[in-house]
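Engineer: The structure is given below, and queries will be raised subsequently.
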């Protein structure tokens with residue numbers, strides 16, 4: 018039982034905290050809209066239906082609008098979408114390379 022509480026376990030280690038100035042800026046909204054369209058028209062969206070176009074449009078409005086309550090959460094959703102798009106290799110269809118590591 019002592020081994021389960023040792024600091025050598027991967028989940029027991031606290032990772033480095035990122036500097037908030039190192040957080041990548043959101044890409045241009047049209048690029049994110051193309052990413053949403055690319056994901057929603059892919060077969061992956063049938064297996065992983067995690068995005069609703071109508072709800073995500075509201076998320077985009079919140080993320081790209083003036084800063085208010087929920088803006089940071091909306092930006093996090095966009096970073097997550099960009100990571101998923103990059104992991105599935107859908108960014109090649111968009112013409113712009115997305116750095117999955119930057120958004121993870």
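Residue numbers (our numbering): 18 to 121.
The beta-carbon is built from N, C-alpha and C at its ideal position, and this holds for glycine as well.
It should be emphasised that the depicted structure is a prediction, and the values quoted were computed from it without experimental measurement.
(1) What first and last residue would you give for the alpha helix (DSSP H) that runs through residue 97?
(2) Count the other CB atoms, across all protein chains shown, that sit within 10 Å of the CB of residue 86; report buried if there are 16 or more and exposed otherwise.
(3) Of the residues 89, 106, 68, 76, which one's Cα is nearest the Cα of residue 46?
(4) I need the boundaries of the alpha helix (DSSP H) containing residue 74, first residue and last residue.
(5) Comparing alpha-carbon positions, which option in 60, 59, 78, 65 lies nearest residue 95?
(6) Could you tell me whether the Cβ atoms of residue 99 and residue 55 are closer together than 8 Å?
(7) Pull up the distance between the alpha-carbon of residue 49 and that of residue 59, whole angstroms please.
(8) Is residue 58 helix, strand or coil by DSSP?
(9) Given this structure, state the Cα-to-Cα distance separating residue 51 from residue 84, to the nearest angstrom.
Structural biologist: Quick answer:
(1) 88-104
(2) exposed
(3) 76
(4) 70-81
(5) 78
(6) no
(7) 15 Å
(8) coil
(9) 23 Å
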